[in-house]
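*Asks:* Chains as they are written, first to last, in the UniProt record's numbering: chain A, 1 to 259; chain B, 1 to 296. Note that CB positions come from ideal geometry on N, CA and C, so glycine has one too. Small disclaimer: the values here were computed from a predicted structure and weren't measured. First the structure, then my questions, so here it is.
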Amino acid sequence: MKLTRRARDHIKSAACIVALFVAWELACVAFRISPIVLPRPTAVISTLIVQMPALWPHILQTLATTMLGFLLGTLIGVALGAFVGVSRSAYNTAYPLLVGFSSIPKVAVVPIFVLWFGSGTVPAVLTAMTTCIFPIVVNVATGLATTEPEMEDVLKALGASRRQVLWNVSLPRAMPYFFASLKVAVTLAFVGTVLSETVAANRGIGTVMMMATASFDVPLVFAGLFALALLGILLYVVFAGIEQRVCGWATRKQDLAVA
Amino acid sequence: MTDAVPLPALPVTETPPLLDRIVQLENVRVRFGTGDASLLALDRTSLTVRPGDFVAMVGPSGCGKSTILKLVAGLLRPTEGNVFVAGREVGAERIGIGMAFQNPTLLPWLSIRQNIMLPLKIVKPYADTYRRDRETVFRDRAEALLARVGLAGFGDRKPWELSGGMLQRANLCRALIHAPKLLMLDEPFGALDQFTREELWSVLQDLYLETRPTVFLVTHDLREAAFLASRILVMSARPGRVVEDRAVDFARPRTLETTFADAFGALTNELRRLIFQARQDQAAIAPATATQETAA
Numbered sequence: 001m002k003l004t005r006r007a008r009d010h011i012k013s014a015a016c017i018v019a020l021f022v023a024w025e026l027a028c029v030a031f032r033i034s035p036i037v038l039p040r041p042t043a044v045i046s047t048l049i050v051q052m053p054a055l056w057p058h059i060l061q062t063l064a065t066t067m068l069g070f071l072l073g074t075l076i077g078v079a080l081g082a083f084v085g086v087s088r089s090a091y092n093t094a095y096p097l098l099v100g101f102s103s104i105p106k107v108a109v110v111p112i113f114v115l116w117f118g119s120g121t122v123p124a125v126l127t128a129m130t131t132c133i134f135p136i137v138v139n140v141a142t143g144l145a146t147t148e149p150e151m152e153d154v155l156k157a158l159g160a161s162r163r164q165v166l167w168n169v170s171l172p173r174a175m176p177y178f179f180a181s182l183k184v185a186v187t188l189a190f191v192g193t194v195l196s197e198t199v200a201a202n203r204g205i206g207t208v209m210m211m212a213t214a215s216f217d218v219p220l221v222f223a224g225l226f227a228l229a230l231l232g233i234l235l236y237v238v239f240a241g242i243e244q245r246v247c248g249w250a251t252r253k254q255d256l257a258v259a
Numbered sequence: 001m002t003d004a005v006p007l008p009a010l011p012v013t014e015t016p017p018l019l020d021r022i023v024q025l026e027n028v029r030v031r032f033g034t035g036d037a038s039l040l041a042l043d044r045t046s047l048t049v050r051p052g053d054f055v056a057m058v059g060p061s062g063c064g065k066s067t068i069l070k071l072v073a074g075l076l077r078p079t080e081g082n083v084f085v086a087g088r089e090v091g092a093e094r095i096g097i098g099m100a101f102q103n104p105t106l107l108p109w110l111s112i113r114q115n116i117m118l119p120l121k122i123v124k125p126y127a128d129t130y131r132r133d134r135e136t137v138f139r140d141r142a143e144a145l146l147a148r149v150g151l152a153g154f155g156d157r158k159p160w161e162l163s164g165g166m167l168q169r170a171n172l173c174r175a176l177i178h179a180p181k182l183l184m185l186d187e188p189f190g191a192l193d194q195f196t197r198e199e200l201w202s203v204l205q206d207l208y209l210e211t212r213p214t215v216f217l218v219t220h221d222l223r224e225a226a227f228l229a230s231r232i233l234v235m236s237a238r239p240g241r242v243v244e245d246r247a248v249d250f251a252r253p254r255t256l257e258t259t260f261a262d263a264f265g266a267l268t269n270e271l272r273r274l275i276f277q278a279r280q281d282q283a284a285i286a287p288a289t290a291t292q293e294t295a296a
C-alpha cells in the first residue's frame, strides 16, 4: 500500500521523536547515569502513571490557572493591540512601555504579586497573564497595520467609515497574526503559572516539582516536566486546530499554488 | 461581447442629477509636505468633466495623474483650489466611487463573489438591504458581471486560485458592481500581458457603453488611452499640469481594427511626441529642481 506524502512525513517525525527517547534511555543505561542526576524516560513515565492520582489535582490546578491567566491576557492583549494598531500616537506611547515591561524577567514580578495578593492562585494567574500579553499585543497591532493602502483607498472611495474598514478588512486580516500569537502565548502562560507556583503556592505542578526537588525525588520532578510539556503540546494543538479552521485562507496558499 | 446578456439592474435606482459637469477642478494645487522638503505635485489645474466622459490621463511618471484621481475620489484634499463632484465639494457627501488599481487587492478570506459584492455592503442604499438581497438580486448581478468579464463559474473560487489576469477581471467587477457614477482606474491593466490587456479593453468598453459611468483612467499605455478614452489629458512633468486636452472621436464600439487605422497611429504618435516634449522640459529645468528634491 502506498502512503500519502503527508502520512509518510508524520511517520518520519514520530519515529524521530521515539528515537530521541530511546537514545536517552540507552545513554542512561550505557553510562550508568544515576537517577538522581537524570532519570530514564521509562522511569519518568512509570512515575507519571503511578503518581497520576496524586498528581491529577495539581495538573488541573495548573491547567485552570493557566487558562484563566491566558484568557485575561488574551482579552487585555487584544484590546491593547487594537488600540496600538489603530492609533499612531497610542503606538508611540505604548510601545516603549510594552517593550520595557516585557523585558522584565517575570521571576522578579512574582514576589510583587505575592506581596499584593498573598500566595496561591491569584499571583499565578497574574503571572501567566503578564507573561503571555506581549506576543498578543505585538501580533494584533502588526496584523491591523498590514492593510494594503490600495484596499483602504478602494473602501474610502466607496464611502466606507473607519468602522467598516476595520470590520471588513483590518480585523479579518489580523486574524492569522492573532492566532499565531495565541499558540505562542498559551505556552508562555504555562511558564508564568509554574514560575509563580514554584515561588509561592501550595498547589499546582510547580509546587509538586519544588517539593520533589527538596526530597531528591528526581523522577517525580521529571514527571512534572513531562506533564507540563504534554499540556503545552495539547493546548498548542488545540489552538493550531482553531487557527486552521478560522483562517485557513492564510496557510492554504502553500497547498494550492496560483492556478 | 456585443451579444452579451445585459446586466440585471440593481433594485434601487437613484435619479441621476441633471448636471452638465460631474467633476470640476478649479485652480487646484497639491503640495506634499511643508517647507523646503515640500513637493508641488499638481500645479494650477482646472478641469471640467461631463457625465459619461471617458477621460484618460497620460504623461511622464510622477506627473500627478494619480493625484487627480485621488482628488476626485476624495482621498486627498487640494492644498489650494476646489474640487467639486456631482455639484458638491468633494468629501461633503460620499457617492460611492468605484476604484481599481494595478494591484487587485482582493481579500483572500472571501470567495471571488463575496469580494465582488463587498461594495454593496458599504454603499448606500444597497447596504441597507444587503442581508436580504445578497442571495438573490445582488448575487445575480455579481454572476452576470463575472460572466461578462469571462469569469463565469469562478464565483465560489478563492482569489489565490486565480491567475493575475483573472484577478484583474474580478477587480474590475468589484469596481462596477454598485453601478457607480464615477469609475477610477489607476493603471488597472499595467501588470498584464498584451493579449489579456487588449481583451480587457473590449470588456471594459462594453461595460462602459452599457452603463455610461464617468471614467478616469490613468495609464502609461498610449494605445490603451486612444482605444478607450473619449478624451485624453496629457500631463506635464512635475509639477503636473494639463498641457493637452484632446477629444478622441473614433466610432464605438472600437475594435482591434480601429487600432490599425492611420488616424489611430497618428494619435498615439502625437501623444508620444507630447510626452517626450514634457520630459524634455523637465530635463531643462532639472538643475533647479534637483537640489530641491535631494533636500526632500
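Considering just the uninterrupted stretch of the beta strand (DSSP E) at residue 82 (chain B), what are its terminal residues?
*Replies:* Within the second sequence, numbered from 1, the residue matching residue 82 (chain B) stands at position 82. Segment 80 to 85, the beta strand (DSSP E) holding residue 82 (chain B).
*Asks:* Please check if any C-beta of chain A sits within less than 8 Å of the C-beta of residue 101 (chain B).
*Replies:* For the purposes of this step, residue 101 (chain B) is taken as the residue at position 101 of the second sequence. With 8 Å as the cut-off, residue 101 (chain B) counts as an interface residue toward chain A.
*Asks:* For residue 96 (chain B), which of helix, strand or coil comes out of DSSP?
*Replies:* Mapped onto the second sequence, residue 96 (chain B) falls at position 96. Residue 96 (chain B): coil per DSSP, three-state reduction.
*Asks:* Using only CA atoms, which one of B:235, B:50, B:68, B:57 lies nearest to residue 31 (chain B)?
*Replies:* Along the second sequence, one-based indexing puts residue 31 (chain B) at 31. It is B:68.
*Asks:* Which residues in chain B have a C-beta closer than 7 Å to the C-beta of residue 164 (chain A)? List them in chain order.
*Replies:* Translated into positions along the first sequence, residue 164 (chain A) becomes position 164. 122, listed in chain order.
*Asks:* The stretch 73 to 98 of chain B: which residues have C-beta closer than 8 Å to a C-beta of chain A, in chain order?
*Replies:* Per Cβ criterion, the list reads 73, 74, 75, 94, 95, 96, 97, 98.
*Asks:* Between the alpha carbons of residue 24 (chain B) and residue 163 (chain A), how many angstroms are there, rounded?
*Replies:* Indexing the second sequence from 1 puts residue 24 (chain B) at position 24. Indexing the first sequence from 1 puts residue 163 (chain A) at position 163. Distance between the alpha carbons of residue 24 (chain B) and residue 163 (chain A): 30 Å.
*Asks:* Hey, quick one: how far does the beta strand (DSSP E) through residue 121 (chain A) stretch, first residue to last?
*Replies:* Counting from one through the first sequence, the residue named residue 121 (chain A) turns up at place 121. Counting along the chain, residue 121 (chain A) falls outside any beta strand (DSSP E), though it belongs to the alpha helix (DSSP H) covering 121 to 145.
*Asks:* Once the 5 residues before and after residue 252 (chain B) are set aside, which same chain residues still bring their CB inside 8 Å of it?
*Replies:* Your numbering for residue 252 (chain B) matches position 252 in the second sequence. Once the five neighbours on either side are set aside, the close Cβ partners of residue 252 (chain B) are 205, 209.
*Asks:* Is the shortest distance between the beta-carbon of residue 42 (chain B) and the beta-carbons of chain A less than 8 Å?
*Replies:* Within the second sequence, numbered from 1, the residue matching residue 42 (chain B) stands at position 42. False, the Cβ-Cβ gap to chain A never drops below 8 Å.
*Asks:* In terms of residue numbering, what span does the alpha helix (DSSP H) encompassing residue 36 (chain B) cover?
*Replies:* Within the second sequence, the letter at position 36 stands for residue 36 (chain B). It is not in any alpha helix (DSSP H) - residue 36 (chain B) carries neither H nor E in the DSSP assignment.
*Asks:* On the DSSP bridge assignment, give the partners of residue 240 (chain B) in chain order.
*Replies:* Indexing the second sequence from 1 puts residue 240 (chain B) at position 240. B:42.
*Asks:* What residue range is occupied by the uninterrupted beta strand (DSSP E) comprising residue 298 (chain B)?
*Replies:* Absent from the structure is residue 298 (chain B), since the part of chain B shown begins at 1 and ends at 296.
*Asks:* What is the DSSP secondary structure of residue 24 (chain B), reduced to helix, strand or coil?
*Replies:* Indexing the second sequence from 1 puts residue 24 (chain B) at position 24. Three-state result, residue 24 (chain B): strand.
*Asks:* What three-state label does DSSP hand residue 276 (chain A) in the structure shown?
*Replies:* The question about residue 276 (chain A) has no answer here: the residues shown for chain A are numbered 1 through 259.
*Asks:* Do the stretch 191 to 203 of chain A and the stretch 57 to 64 of chain A make contact, defined as three or more Cβ pairs closer than 8 Å?
*Replies:* They touch, by the three-pair rule.
*Asks:* Measuring CB to CB, does residue 156 (chain A) end up less than 8 Å from residue 236 (chain A)?
*Replies:* Residue mapping note: residue 156 (chain A) aligns to position 156 of the first sequence, counting from 1. Residue mapping note: residue 236 (chain A) aligns to position 236 of the first sequence, counting from 1. Not closer than 8 Å, so no.
*Asks:* Is the beta carbon of residue 237 (chain B) closer than 8 Å to that of residue 278 (chain B)?
*Replies:* Residue 278 (chain B) sits at position 278 when you count from the first residue of the second sequence. Residue 237 (chain B) sits at position 237 when you count from the first residue of the second sequence. Against a cut-off of 8 Å, the Cβ pair of residue 237 (chain B) and residue 278 (chain B) comes out as a contact.
*Asks:* What residues in the stretch 201 to 233 of chain B have a beta carbon less than 7 Å from any beta carbon of chain A?
*Replies:* Cβ contacts with chain A: none found.
*Asks:* Pick out whichever of B:173, B:222, B:239, B:259 has its Cα sitting closest to the Cα of residue 101 (chain B).
*Replies:* Here residue 101 (chain B) is taken as the residue at index 101 of the second sequence, counted from 1. The shortest Cα separation from residue 101 (chain B) among B:173, B:222, B:239, B:259 belongs to B:173.
*Asks:* Closer than 7 Å by C-beta to residue 165 (chain A): which residues in its own chain qualify, once you throw out the five before and the five after it? Chain order, please.
*Replies:* Sequence index remark: in the first sequence, residue 165 (chain A) carries index 165 (1-based). Within the same chain, residue 165 (chain A) has close Cβ partners 152, 155.
*Asks:* Can you check DSSP and say which residues form a bridge with residue 247 (chain B)?
*Replies:* What you label residue 247 (chain B) is simply residue 247 of the second sequence in a count that begins at 1. Note: residue 247 (chain B) sits in a beta bridge opposite B:231.
*Asks:* Where does residue 224 (chain A) land, buried or exposed, given buried means 16+ other C-beta within 10 angstroms?
*Replies:* In the first sequence, counting from the first residue as 1, residue 224 (chain A) sits at position 224. So residue 224 (chain A) counts as buried.
*Asks:* Am I right that residue 189 (chain A) and residue 66 (chain A) are in contact with their C-beta atoms under 8 Å? What's the rounded C-beta distance?
*Replies:* Here residue 189 (chain A) corresponds to residue number 189 of the first sequence, with the count starting at 1. Here residue 66 (chain A) corresponds to residue number 66 of the first sequence, with the count starting at 1. With a Cβ gap of about 5 Å, residue 189 (chain A) and residue 66 (chain A) count as contacting.
*Asks:* Over the uninterrupted beta strand (DSSP E) stretch that includes residue 55 (chain B), give me the two end residues.
*Replies:* For the purposes of this step, residue 55 (chain B) is identified with residue 55 of the second sequence, where counting begins at 1. Run containing residue 55 (chain B): 54 to 58, per the beta strand (DSSP E) assignment.
*Asks:* Can you tell me whether residue 124 (chain B) is buried or exposed? The criterion is at least 16 other CB atoms within 10 Å of its CB, across all chains shown.
*Replies:* Within the second sequence, the letter at position 124 stands for residue 124 (chain B). Classification for residue 124 (chain B): exposed.
*Asks:* Could you list which residues in chain B have their beta carbon closer than 7 Å to that of residue 154 (chain A), in chain order?
*Replies:* Taking the first residue of the first sequence as 1, we reach residue 154 (chain A) at position 154. Within chain B, the residues near residue 154 (chain A) are 99, 105.
*Asks:* Leaving out the 5 sequence neighbours to the left and right, which residues in its chain are closer than 6 Å to residue 66 (chain B) when beta-carbon positions are compared?
*Replies:* The count along the second sequence starts at 1 and reaches residue 66 (chain B) at position 66. Only 186, 218 meet the Cβ criterion.
*Asks:* Just to make sure I have the definition right: I need the residues of chain A whose C-beta is within less than 8 Å of the C-beta of residue 184 (chain B). Which are they?
*Replies:* Taking the first residue of the second sequence as 1, we reach residue 184 (chain B) at position 184. Within 8 Å Cβ-Cβ: 157.
*Asks:* Taking 8 Å as the CB-CB cut-off, is residue 151 (chain A) touching chain B?
*Replies:* The residue you call residue 151 (chain A) lines up with position 151 of the first sequence. Judged by the 8 Å Cβ criterion, residue 151 (chain A) is in contact with chain B.
*Asks:* Closest by CA to residue 211 (chain B), which one among B:194, B:188, B:181, B:222?
*Replies:* Residue mapping note: residue 211 (chain B) aligns to position 211 of the second sequence, counting from 1. Selected option, being the one with the closest Cα: B:181.
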